[in-house]
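Chemist:
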Amino acid sequence: MAFPEAFDKIKGALKNAKGKTIDGHLAVEIVLNDEENAGIGYLEVSDHEVRVEPYDYWDHEARLIGRADDLVAVFSGKLEWDTALAQEKLFIEGSLDRAMEVKKLIRKPAGRKPATKPTADTDAPTKPAPKKTAKKTVPKQVADIPSINSPTQEG
Numbered sequence: 173m174a175f176p177e178a179f180d181k182i183k184g185a186l187k188n189a190k191g192k193t194i195d196g197h198l199a200v201e202i203v204l205n206d207e208e209n210a211g212i213g214y215l216e217v218s219d220h221e222v223r224v225e226p227y228d229y230w231d232h233e234a235r236l237i238g239r240a241d242d243l244v245a246v247f248s249g250k251l252e253w254d255t256a257l258a259q260e261k262l263f264i265e266g267s268l269d270r271a272m273e274v275k276k277l278i279r280k281p282a283g284r285k286p287a288t289k290p291t292a293d294t295d296a297p298t299k300p301a302p303k304k305t306a307k308k309t310v311p312k313q314v315a316d317i318p319s320i321n322s323p324t325q326e327g
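Counting from 173, one number per residue, gives the positions in the sequence shown under the numbering used here.
1. Which residues in the same chain have their Cβ closer than 6 Å to the Cβ of I194, if we skip the five residues on either side of it in sequence?
2. Do the region 208-224 and the region 251-261 touch if we need at least three Cβ pairs shorter than 8 Å?
3. Where do the N-terminal and C-terminal ends of the beta strand (DSSP E) with L262 fall, by residue?
4. Alpha carbon to alpha carbon, how far is Y227 from G249? Give it in angstroms, no decimals.
5. In angstroms, rounded to a whole number, what distance separates the CA positions of D269 and W230?
6. With a CB to CB cut of under 6 Å and the five nearest residues on each side skipped, what residues in its chain are close to A185?
7. Report all residues from its chain with a CB closer than 8 Å to the CB of K190; omit the five preceding and five following residues, and keep chain order.
8. Using the rule of at least 16 other Cβ atoms within 10 Å of the residue's Cβ for burial, across every protein chain shown, is D254 buried or exposed?
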């Protein structure tokens, strides 16, 4: 994916982001480090307004670095932030605390409803479950158990 396309997707994913949860001014540089599609942009929150632009930002507090596909997945909520860090698909330089503020701006995609078990067809007749019966075992009488020291009836 080319840099302009990737950055447009990141910008679109953050289009409705709410900067109300960000304290003060936040400036983070976003670095797409694909060999053939490298580029730099920035994310800025000022007065609770979120701006994302494909330009260099010199006065940033942190840098988010990764491949275009991975950063698009992170910003669109398809790849969890913490998972991307653990799998080394997202790297942070600079202030870790300020970079982690960006996580607050990422929306989770509308999830699918959890799968439910299929219900039985209500029109189909149901058979009662078979009754389980326990086998009764009769303990052997002590007198019936041959002893090592007792004589056998073999003759």
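Built from N, CA and C at the ideal position, the CB exists for glycine as well.
Note that this is a predicted model, so its numbers are computed, not measured.
Modeler: Working from what's here:
1. Numbered from 1 along the sequence shown, position 22 holds the residue referred to as residue 194. So the list reads V217 and E273, once near-sequence residues are dropped.
2. no
3. Within the sequence shown, the letter at position 90 stands for residue 262. Taken as a continuous stretch (DSSP letters only), L262 belongs to no beta strand (DSSP E), as it is neither H nor E.
4. Here residue 249 is taken as the residue at index 77 of the sequence shown, counted from 1. Here residue 227 is taken as the residue at index 55 of the sequence shown, counted from 1. Cα to Cα, the separation comes out at about 23 Å.
5. If you number the sequence shown from 1, residue 269 lands on position 97. If you number the sequence shown from 1, residue 230 lands on position 58. Distance between the alpha carbons of D269 and W230 is about 19 Å.
6. Here the question's residue 185 lines up with position 13 in the sequence shown. Contacts found: F247 and S248.
7. For this step, residue 190 is matched to residue 18 along the sequence shown. Once the five neighbours on either side are set aside, the close Cβ partners of K190 are H220, V222 and L277.
8. Numbered from 1 along the sequence shown, position 82 holds the residue referred to as residue 254. D254 comes out exposed.
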